[in-house]
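For the sequence shown, the positions run 14 to 416 when my numbering is used.
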Amino acid sequence: MNIPTQEASVRRRAPALDAAVVGGGMVGAAAALALARAGFATALLEARAPKAWHLHDEVDLRVVGLAPSSLALLDELGVWPSIRDARAGPYAHMHVWDAESGAAIDFDAASEGRELLGYIVENNLVQWTLWEALEAAGVRRLCPAEVRAFDAREDRIQLELADGETLAARLLVAADGAASPLRQLAGIATSGRDYAQRAVVAHVSTERPHDGTAWQRFISTGPLALLPLADGRSSVVWSLPEAEALRVLALDDRAFLDELGLASDFRLGRIMDTTQRAAFPLKLQLAECYQAERFVLLGDAAHAVHPLAGQGVNLGLRDVTELRDTLVAARDGGRDIGAAHVLRRYARRRRSADTLDALGFDALARIYALQSPALVAARGLGVRLLDRLAPLKRRLAEHAAGL
Ligand SMILES: Cc1cc2nc3c(=O)[nH]c(=O)nc-3n(C[C@H](O)[C@H](O)[C@H](O)COP(=O)(O)OP(=O)(O)OC[C@H]3O[C@@H](n4cnc5c(N)ncnc54)[C@H](O)[C@@H]3O)c2cc1C
């Protein structure tokens, strides 16, 4: 009789974890929660503990516009009501205009048959609320934890952590941000371009109310957005060439308020007051594929896009929904959730959808950087036409909403 050694029997046993998610940003934390809620044994590994969110703290400088598809996921995960009730700025209108031609386009929730276009929410609030929900959902949280190496085997992927601990799961989910060390360890290349721009962000008070409207002015140096915050102020995302961004960052408050007023064409009147400022480098980066052996990429680890359409995290949360649905279908069909043919479905669908969006945003950035009078006139004509073509405009709005 062949009695298996203890080691061999341990090796043959299925790994205790279905999924190990690495990166506890908005996307990774949402992925871990979604997988746990779907019944998968899940661990989340994060290098740095997120900052606790408190109502009386100043509004986090990093905010995102959450589209209806993201709100639906967060609601399904049971975290949206507490985020909304804590601090979220609803917006029902969007006004986008071209500094050169003056052409404008308006999106209005009511004309799309919806109550709202979305909410402006602090990154830290979303991340913290998800993080807090993980334990109750049964997610094993490891923090601080960093993956040093991994090795895919027949029935599992073995992770080696920086502190020497090892972990095995059927699937490794990398949501470790645009610089993604795991993507590099997996040998997945990226393509894209550096915009040589930075987005200067700040929260400002304005002379006139924001009217629950997201304002965006396309300037040849880059787009300027004024996004409506819950407390009546607006959040500035001002994309500028590198040197110009550093200059604006170094201005004293008075000069900054004056320059911002001019750049925003005083659409909300004078800019009265500002918080401190920060700047984030901008690039287009797409992973060449979203899958390796027992390994998938999602969120910024898979795609980093220009913030002009405010879609980065919305694409990441669509990755989460697709991955969760793919894995549930595989499990219900009795298949291994880490099998290559299962992961291929997720990887193909999301990569093609993300690529289309990322290249669309990139094309917009290029088109609005053009300054030749003939091209500016053609661009103005195109925008005015689009504003009048209700069905096409509706398709665009539905696409941005992720519907
Ligand atoms: C100025 C600006 C404005 C933006 N506005 C919008 C907007 O309006 N709407 C929108 O949808 N998107 C917007 N975005 C994009 C959005 O912020 C990002 O898409 C989103 O934050 C990405 O989330 P993520 O969870 O994928 O990555 P990240 O937030 O980068 O999280 C990655 C996490 O992984 C952790 N990590 C990294 N390496 C390791 C490791 N080795 N081990 C363990 N953990 C690790 C990090 O600590 C971090 O917590 C904007 C971006 C910028 C720069």
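Ideal Cβ placement from N, Cα and C applies to all residues, glycine included. None of the values given here were measured: they were computed from a predicted structure.
Using the Cα positions of residue i and residue j, report the straight-line distance between them to the nearest angstrom.
i    : j    : result
D119 : A51  : 39 Å
Q171 : E148 : 23 Å
V213 : G373 : 22 Å
V355 : L340 : 7 Å
L237 : L273 : 9 Å
D345 : R337 : 12 Å
E411 : L174 : 42 Å
M14  : R169 : Low confidence applies to M14: its pLDDT is 37, below 50, so where it sits in the model is not reliable, and the reading given next is rough at best. Rounded to whole angstroms, M14 to R169 spans 28 Å at the Cα level.
A199 : Q304 : 9 Å
R307 : G351 : 5 Å
E20  : T179 : Low confidence applies here, because E20 scores a pLDDT of 39, under 50, leaving its location unreliable and the question unanswered by this model.
G126 : L253 : 35 Å
E113 : L86  : 38 Å
A291 : L259 : 10 Å
E219 : L281 : What sits at residue 219 in the sequence shown is Thr, not Glu. The alpha-carbon atoms of T219 and L281 are separated by roughly 6 Å.
D98  : D73  : 16 Å
A343 : A263 : 53 Å
L297 : A378 : 11 Å
Which same chain residues, not among the five before or five after residue i, have their C-beta less than 7 Å away from its C-beta?
i    : result
P241 : G102, Y104, I133, H223, G225, T226, A227, S247
A382 : S233
V92  : T142, L143, A146
G188 : The identity of residue 188 in the sequence shown is Ala, whereas the question assumes Gly. Cβ neighbours of A188 beyond the five flanking positions: V34, V35, G36, G38, V40, G41, A44, L311, G312, A314.
Please report the residue range of the alpha helix (DSSP H) in which residue i lies.
i    : result
I96  : 93-100
H354 : 353-382
W141 : 136-149
L48  : 39-50
According to DSSP, is residue i helix, strand or coil?
i    : result
L264 : coil
A80  : coil
V396 : helix
P28  : coil
D70  : coil
L409 : helix
G312 : helix
T18  : Model confidence at T18 stands at a pLDDT of 39, short of 50, so the residue's coordinates are unreliable; what they give is reported in the following sentence. DSSP places T18 in coil when its eight states are reduced to three.
S204 : strand
G36  : coil
A165 : strand
D271 : helix
A158 : coil
L402 : coil
S277 : coil
P294 : strand
G388 : Contrary to the premise, residue 388 reads as Leu rather than Gly in this sequence. In the structure shown, L388 sits in a helix (DSSP, three-state: H, G or I).
D244 : coil
Excluding the five sequence neighbours on either side, which residues of its own chain have a C-beta within less than 6 Å of the C-beta of residue i, listed in chain order?
i    : result
P294 : R211
R75  : N136
L58  : V35, L155, A158
A417 : Residue coverage of the chain in this structure runs from 14 to 416, which leaves residue 417 outside it and unanswerable.
V318 : G325, A371, F374
D266 : T287
V333 : A43, A44, A47
Would you please state the rounded distance, in angstroms, between the beta carbons of residue i and residue j? I believe it to be under 8 Å.
i    : j    : result
P28  : A181 : 4 Å
A209 : E167 : At roughly 46 Å, the Cβ-Cβ gap does not stay under 8 Å, so A209 and E167 are not in contact.
A33  : A49  : Going by Cβ atoms, the distance from A33 to A49 rounds to 12 Å, so no, they are not a contact pair.
D313 : G115 : Rounded, the Cβ-Cβ distance is 35 Å, inconsistent with contact.
Starting from residue i and walking both ways along the beta strand (DSSP E), at which residues does that stretch end?
i    : result
L336 : Unbroken run through L336 is the alpha helix (DSSP H), 325-345; no beta strand (DSSP E).
P194 : Element bounds for P194: not the beta strand (DSSP E) but the alpha helix (DSSP H), 194-198.
P320 : No beta strand (DSSP E) contains P320, which DSSP labels as neither H nor E.
A112 : Taken as a continuous stretch (DSSP letters only), A112 belongs to no beta strand (DSSP E), as it is neither H nor E.
R230 : 226-232
E173 : 170-174
T288 : Unbroken run through T288: none, as it is neither H nor E.
L180 : 179-187
G235 : 235-241
P63  : It is not in any beta strand (DSSP E) - P63 carries neither H nor E in the DSSP assignment.
S252 : 247-254
What does a CB cutoff of less than 8 Å around residue i pick up in its chain, not counting 5 residues either side in sequence?
i    : result
K64  : N137, W141
R357 : Q304
For a test of your reading of the model: does the CB of residue i fall under 7 Å from any non-hydrogen atom of ligand 3? Yes or no.
i    : result
E145 : As far as ligands go, the structure on display features ligand 1 and does not contain ligand 3.
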